Every structure is written in C-alpha cells, then in structure tokens.
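FYI, in my numbering the residues of the sequence shown are 14 to 589.
Below you'll find the structure, written out as structure tokens, and then a few comments.
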Amino acid sequence: MCTVIFFSNQINLEKIIADFKVKMERSEFGLRRLTIVVAVCFIALPVLVMVSMTYKNSTFNLSKEFAAEAMVLREKTKNVTRLSTVTESENNSFQPTSLVADKLLGGLLASALDEGSCISRYHSSMYHKTSPYKPSLYLLSKLRKYENRHKRCGPYTKSYIKAVKELNSSHANRTTGCNYIVWLPANVLGNRIVSLASAFLYALLTNRVLLVHHGTDMDDLFCEPFPNTSWLLPADFPLKNQFDSFKMRNIHSHGNLLKNNNMSSSTMLQQPAFLLLYLAYDYEDHDKLFYQDQNQGFLRKVPWLILKSGQYFVPSLFSISTFRKELSILFPDRETVFHHLGRYLFHPSNKAWGLITRFYQAYFEKADERIGLQIRLFHPESSPSHLVMKQILSCTEKENLLPQLDKQKHVALASPFKNQTLKAILVASLHSIYYENLRNMYWMKPTVNGEAIGVYQPSHEEYQQFGDNMHNVKAWAEMYMLSMTDVLVTSTWSTFGYVAQGLGGLKPWILFIPDNQTIPDPPCQRAMSMEPCFHYPPSYDRKANMMLDNVDHGPHIRHCEDVSWGLKLVNNDHKS
Numbered sequence: 014m015c016t017v018i019f020f021s022n023q024i025n026l027e028k029i030i031a032d033f034k035v036k037m038e039r040s041e042f043g044l045r046r047l048t049i050v051v052a053v054c055f056i057a058l059p060v061l062v063m064v065s066m067t068y069k070n071s072t073f074n075l076s077k078e079f080a081a082e083a084m085v086l087r088e089k090t091k092n093v094t095r096l097s098t099v100t101e102s103e104n105n106s107f108q109p110t111s112l113v114a115d116k117l118l119g120g121l122l123a124s125a126l127d128e129g130s131c132i133s134r135y136h137s138s139m140y141h142k143t144s145p146y147k148p149s150l151y152l153l154s155k156l157r158k159y160e161n162r163h164k165r166c167g168p169y170t171k172s173y174i175k176a177v178k179e180l181n182s183s184h185a186n187r188t189t190g191c192n193y194i195v196w197l198p199a200n201v202l203g204n205r206i207v208s209l210a211s212a213f214l215y216a217l218l219t220n221r222v223l224l225v226h227h228g229t230d231m232d233d234l235f236c237e238p239f240p241n242t243s244w245l246l247p248a249d250f251p252l253k254n255q256f257d258s259f260k261m262r263n264i265h266s267h268g269n270l271l272k273n274n275n276m277s278s279s280t281m282l283q284q285p286a287f288l289l290l291y292l293a294y295d296y297e298d299h300d301k302l303f304y305q306d307q308n309q310g311f312l313r314k315v316p317w318l319i320l321k322s323g324q325y326f327v328p329s330l331f332s333i334s335t336f337r338k339e340l341s342i343l344f345p346d347r348e349t350v351f352h353h354l355g356r357y358l359f360h361p362s363n364k365a366w367g368l369i370t371r372f373y374q375a376y377f378e379k380a381d382e383r384i385g386l387q388i389r390l391f392h393p394e395s396s397p398s399h400l401v402m403k404q405i406l407s408c409t410e411k412e413n414l415l416p417q418l419d420k421q422k423h424v425a426l427a428s429p430f431k432n433q434t435l436k437a438i439l440v441a442s443l444h445s446i447y448y449e450n451l452r453n454m455y456w457m458k459p460t461v462n463g464e465a466i467g468v469y470q471p472s473h474e475e476y477q478q479f480g481d482n483m484h485n486v487k488a489w490a491e492m493y494m495l496s497m498t499d500v501l502v503t504s505t506w507s508t509f510g511y512v513a514q515g516l517g518g519l520k521p522w523i524l525f526i527p528d529n530q531t532i533p534d535p536p537c538q539r540a541m542s543m544e545p546c547f548h549y550p551p552s553y554d555r556k557a558n559m560m561l562d563n564v565d566h567g568p569h570i571r572h573c574e575d576v577s578w579g580l581k582l583v584n585n586d587h588k589s
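See below:
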C-alpha cells in the first residue's frame, strides 16, 4: 500500500502524499487509515534517505545487502499497515496494541534456534528494559552472513576437516575457502568475556570463523550462539597440546615471526599454516605490531590464527585504517560495540539462567528501582573494608544513588500501605561485610522518604578462585543480575563491572582506588560511555610504565576514567 520512490538529489514527497489521498478516496478508505499509512511513510522515508546518504560515498559495495534490508523494512511497513487495518476493522477504532518484549533484540538474534536448550536467549528481553540502542542494518546483515559461514566452515564440516589436515603443512595452502581464529582463555571470567567479544569482532572484520577453546571451568556458562552449529573447538584439534607450550609462544607467534624478519612481513615469501597472536597484558613490542595496518594483509592469508588475550582490544581495531571505515558503518554509535556483540554472543546456560531468574523473581520483580553495587578489591591491604565502606557511602550520597537515611527518627512517618516505594540493592562482592553493613544500616533507621529497602547478596566466595566451574557460574550469574539494574556502581579496573554495564547498556559510577588510606576526592565518577576499557593498549609501555608520545587515537577514543593509560570508545559528541 505504501511505495516510497526517492532519487539521490530530490524526493517528491508532496506528490506521494497526493497520490495516497486520491487512492484512499477512490477506495473509500477512512481518514484514520490514511493517517496511519502516511505516518508509516514518514517513518520509513528518513531511514531510507539516511541509508542512501550514508553509503553514497562508501568504499564498500553494500548495495545488494542494503537492497535486501530495504525489502525487509518494506515488508515490516506493510505488516504495520495490515495490523492497523485489522485492528480498525475489528474494533471500529484504532487502539494501540499491547507492547511485547523484543525477543530478537532488534534483529541481533536469529530466530532459528531451539528455545528449550537455551531459555535465556529469547526470554532475556523480559528481564531487561528495552534497549534504546538499535543495531545498524549492516551489523545485522554481517551477523547473518557470519552465521552462514560458521555453519559451512564449523566443526566437523568438510571444510573444517580439510583445513585441519592442512595444519601439518609448513605453509598456507588455503584451499578450503575457510579461515579460522581460535580463542584461548586468559585471566578471570570478566577478562575472558571481553576478549572473546573482541575476537568475534575481529572474525567479523576478516571473514574468519571463531572457535572457542576453554577448560572445564567455563563449562555450562553460555549457550551456543550460532544456529545449527557449535563454536566450541573440537577436543581432537591437533594443536591443543601446544597451546601453552614454549614453542607456540616463541616460535609460532606472529610477533616472533616479525622479530626474526626485521619487524616486517614484506620480506616473507610464504605464509605459515598457523600463527599465534599473543595479545595478553604482558605482550612485547613485536607482538604489538599486530595493530599496524601493514601487517593485516599478511595475516589475512594465514588460514589459522590462535589468539591468546584477556583484553578488550576493540578500541585499537578502530585505529587500524583497514578496518576503520567498516567499523564506522557497523557501529555508527561507537559506544555500543560490546552492548550489541555481548547480547548477541553471551546467553546464560539453563543452569546459570535458573540462578538468575530465581533471584530476580524473589528480590527484583516487585522492586520499583534496582540498584547494583559491584565491589572488587585488587589490593585489600591498602583498602581496608571500613575505608571502602565510607567511600561507597560518600559516592552514593554525593550522587544521590542510595536512599537517604533519616537519622533523627526510628519509624518512617509514611504509611506502609500507601504507595510505598520498594528499592532493591544488589551487592556483588567476594566479601560479605559490605552487604552486612548496608543491610544493618537500612534495618536500624528508616529512610527520609519512607522507602522500603531490601539489600541482597547472592554469594560471597571471600577470595578469587581459579579453575572452579561453579565459582564462574555464580560470577556469570551476578554479572547478568547487575546488568538488570537501573543504577550501577562499579569498581576501578574490574572487567566484572565492564561486562555488567555493557550488557545492561548502563553508564555506571566508578569507585576510584583509595590512595594512601585516604578516600579519593571525588570518591567516584560517572563513566563517559558504557564500553569496557582496554587496559593495555599498544601505546602503553608496561615495563617503563609510560605512554608513547604523540599517538593520535582519533575522535572516538579516550583514556579511561579508571585506568589513565587505558583506552575506551566514546561518541564524538562526548565532552572530555
């Protein structure tokens, strides 16, 4: 019913509307339906114009992809019109339909996966507020293409079996049409999640298939993210026994290859069958050459890349000119990279989802406001608990984040039966003392406004445990619970907090590290974006503890609030 015709230089909108009026009058359609159709056209038209202008001068040949997306958009427009028609004919007046949760997250998720094997995938939207951040059409197209590639090249397919056989060759044969990146875990769970998202983005940019190798401590945390295939590296992968070997790190690494060839890939006549990309926090200068644009062409010809990193290295991908243009199209809103990729990739397993939903139903479901406190101490000896507690209260009072206590009264004057506000405070920490202090504080005194306050802590493991699967399941569940909050306070340096804020689309208040037994002033600061921080970018010399001079990171990259030498993505309208 609605056809929009536009040219690159002008759009005859008045003629379109006039034509619509004539058709409606001749068909004896009511004025209400005309209003609906015209409104739909007004909604669709700016989208198409924006797409046209955005891609007019692009160096990428995306016309076919966007033609397909435009067809989808047109069908959705028709469906909206049909829905309006049905509603009007049945009720004789237009009534807005009830809102339903967007279970596909704005198109991020494919609809072809089994719901029973991963309940969280299509139910998570009912536990979060609807995200105001919409994925780009190009990202959606790129994800669907990736899913097809993974299905064609994934574990135990003919292409995979052939590619594995070619690993024994001394050089790249590249006869399968499939290239791979194998992710290896490093550090704690938060680091693993942000680095895995980085690896997936690199796979998208370089048309590789991501395969994940993790130990038993990550079993049953996440669902499979891709339809009708697996992202898990098969147990019989021939290089598995070499992943942590001296030979892999010092002979088969990309950095070592460059080091032995005068830091240049141009002198290498043949690409090896596989290479290790060592991008962990302690990488050397020759490893950092991965981020130089001239080395990406060489890496594209290596069939197998083995990546070890516990870092969110996405900001430095934006600095590589080969990727910069496409990244700007994938993510016009720069600070949504992890928000979109994290919600696409990381769905709690049914085991973890049970922990999450039982907590939510018991403590969050009826709350009017949910407040998350994530407290992580990396050096407890220099940050005693009483000092940290004072800092938490100083931050939350200054920023008006927690309900204020009425220290002069013992009972709230407001009647508990008249519109009393219920606020739930979730404390995520290895230690229980902060939860106990807050619980006692709100038990002993009423609040100024008479709110009912509940303070909850799902677990307190007391110390960081490594190699413990249940410890990681609990940690993952609590990250996800924090992402469901309305207000979030996190700790400096904590990837645990980064994951929560990214999944929830939240800009948290970050607690700074106490200095010399003194509460910082200010005690906390609002994050400039919801993106994680890249703790050890190539521009930072860890051994010398200094930044390299005269490094231009561009308008969308800033130094992090909590790590002065770290980098994070922001929108260019952010005022530093």
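Every residue gets a Cβ at the ideal spot worked out from N, C-alpha and C, and that includes glycine.
Small disclaimer: the values here were computed from a predicted structure and weren't measured.
(message) Measuring straight from C-alpha to C-alpha, what distance separates residue 570 and residue 578?
(response) Across the structure, residue 570 and residue 578 are spaced so that their CA atoms are roughly 12 angstroms apart.
(request) Have a look at residue 368 and residue 210 and give me their C-alpha separation to the nearest angstrom. (result) Near 24 angstroms, if we compare the C-alpha coordinates of residue 210 and residue 368.
(message) Looking at the strands, I want to know which residues DSSP matches up with residue 196.
(response) Residue pairing of residue 196 in beta bridges, as defined by DSSP: 225 and 320.
(request) Would you please state the rounded distance, in angstroms, between the beta carbons of residue 324 and residue 302? I believe it to be under 8 angstroms. (result) With a Cβ gap of about 16 angstroms, residue 324 and residue 302 do not count as contacting.
(request) Look up residue 159 in the DSSP assignment and say whether it is helix, strand or coil. (result) Three-state result, residue 159: helix.
(request) Taking 9 angstroms as the cut-off, decide whether the C-beta atoms of residue 347 and residue 544 are in contact. (result) Yes, they are a contact pair.
(request) Could you tell me the distance, in whole angstroms, from the CA atom of residue 201 to the CA atom of residue 479? (result) Taking the straight line from one Cα to the other gives about 8 angstroms.
(message) Suppose the cutoff is 7 angstroms on Cβ atoms and the five residues either side in sequence are ignored; what does the same chain contact list for residue 194 look like?
(response) For residue 194, where only same-chain residues beyond five positions count, the Cβ hits under 7 angstroms are 212, 215, 216, 221, 223, 318 and 320.
(message) Counting C-beta neighbours from all protein chains within 10 Å, is the total for residue 508 16 or more, i.e. buried, or is it exposed?
(response) Of the residues assessed, residue 508 falls on the buried side of the cut-off, its CB having 16 or more other CB atoms within 10 angstroms.
(request) Specify whether the segment 237-245 and the segment 368-379 touch according to this definition: at least 3 beta carbon pairs, one from each stretch, less than 8 angstroms apart. (result) They do not touch, by the three-pair rule.
(request) Tell me where the alpha helix (DSSP H) around residue 190 begins and ends. (result) Residue 190 -> no alpha helix (DSSP H), and no H or E assigned at all.
(request) Tell me whether residue 465 sits in a helix, a strand or coil according to DSSP, three-state version. (result) Annotated three-state conformation of residue 465 is strand, per DSSP.
(request) Could you tell me whether the segment 544-553 touches the segment 522-536, where touching means 3 or more Cβ pairs closer than 8 angstroms? (result) No: the two stretches stay apart, fewer than three of their Cβ pairs being nearer than 8 angstroms.
(request) Write down every uninterrupted run of the beta strand (DSSP E) in the segment 335-422 whose length is 3 residues or greater and which is fully enclosed by it, in chain order. (result) Counting whole runs of 3 or more residues, the segment 335-422 contains the beta strand (DSSP E) stretches 382-388.
(message) Need the endpoints of the beta strand (DSSP E) that residue 522 sits in, please.
(response) Residue 522 -> beta strand (DSSP E) spans 522-524.
(request) Tell me whether residue 192 is buried or exposed, calling it buried when 16 or more other Cβ atoms sit within 10 Å of its Cβ. (result) So residue 192 counts as buried.
(request) Take the Cβ of residue 229 as the centre, count every other Cβ of all protein chains shown within 10 Å, and call the residue buried at 16 or more, exposed below. (result) When all chains shown are included, residue 229 counts as exposed.
(request) Evaluate residue 380 with the Cβ neighbour count: other Cβ atoms within 10 Å of its Cβ, from every protein chain shown; 16 or more gives buried, anything less gives exposed. (result) Label assigned to residue 380: buried.
(message) Could you check whether residue 356 and residue 137 sit closer than 9 angstroms to each other, using their CB atoms as the reference points?
(response) Yes, the Cβ-Cβ distance between residue 137 and residue 356 is below 9 angstroms.
(request) Find out if the Cβ-Cβ distance for the pair residue 576, residue 505 is shorter than 9 angstroms. (result) Taking the C-beta atoms as reference points, residue 505 is found nearer than 9 angstroms to residue 576.
(request) Mind reading off the beta-carbon distance from residue 466 to residue 438? Whole number of angstroms is fine, and I expect it under 8 angstroms. (result) That pair is a contact at about 7 angstroms.
(message) Just verifying my parser: in three-state terms, what is the DSSP assignment at residue 580?
(response) Strand.
(message) Suppose the cutoff is 8 angstroms on Cβ atoms and the five residues either side in sequence are ignored; what does the same chain contact list for residue 424 look like?
(response) Hits under 8 angstroms: 459.
(request) Taking the CB atoms as reference points, tell me whether residue 154 and residue 118 lie closer together than 9 angstroms. (result) Between residue 154 and residue 118, the C-beta spacing is not below 9 angstroms.
(message) What would DSSP say about residue 132, mapped onto helix, strand or coil?
(response) Look at residue 132 here: in three-state DSSP terms it is helix.
(request) With DSSP as the reference, label residue 452 as helix, strand or coil. (result) Three-state result, residue 452: helix.
(request) State yes or no: is the C-beta of residue 469 within less than 9 angstroms of the C-beta of residue 365? (result) No; because the gap between Cβ atoms is not below 9 angstroms, this pair is not in contact.
(message) I need the straight-line Cα distance from residue 336 to residue 350, nearest angstrom please.
(response) Each residue's CA atom was taken as its position, placing residue 336 and residue 350 some 14 angstroms apart.
(message) For residue 170, tell me which candidate among 189, 231 and 159 has the shortest Cα-Cα distance.
(response) Nearest in C-alpha terms to residue 170, of all of 189, 231 and 159, is 189.
(request) Count the other CB atoms, across all protein chains shown, that sit within 10 Å of the CB of residue 249; report buried if there are 16 or more and exposed otherwise. (result) Counting other Cβ atoms within 10 Å of its Cβ, residue 249 stays below 16 and is therefore classed as exposed.
(request) Alpha carbon to alpha carbon, how far is residue 385 from residue 462? Give it in angstroms, no decimals. (result) Cα to Cα, residue 462 sits roughly 20 angstroms from residue 385.
(request) Please confirm whether residue 513 and residue 471 have their CB atoms less than 9 angstroms apart. (result) Taking 9 angstroms as the cut-off, the beta carbon of residue 513 is found no closer than this to the beta carbon of residue 471.
(request) Answer yes or no: do residue 261 and residue 252 have a C-beta to C-beta separation smaller than 9 angstroms? (result) Yes, they are a contact pair.
(message) Which residue marks the beginning of the alpha helix (DSSP H) containing residue 532, and which one marks its end?
(response) Element bounds for residue 532: n/a, residue is neither H nor E.
(request) Pull up the DSSP beta-bridge partners for residue 180, would you. (result) Answer by DSSP bridge pairing: none, since residue 180 is not bridged.
(message) By the three-class DSSP mapping on this structure, what secondary structure does residue 313 have?
(response) Of the three classes helix, strand and coil, the one that applies to residue 313 here is coil, per DSSP.
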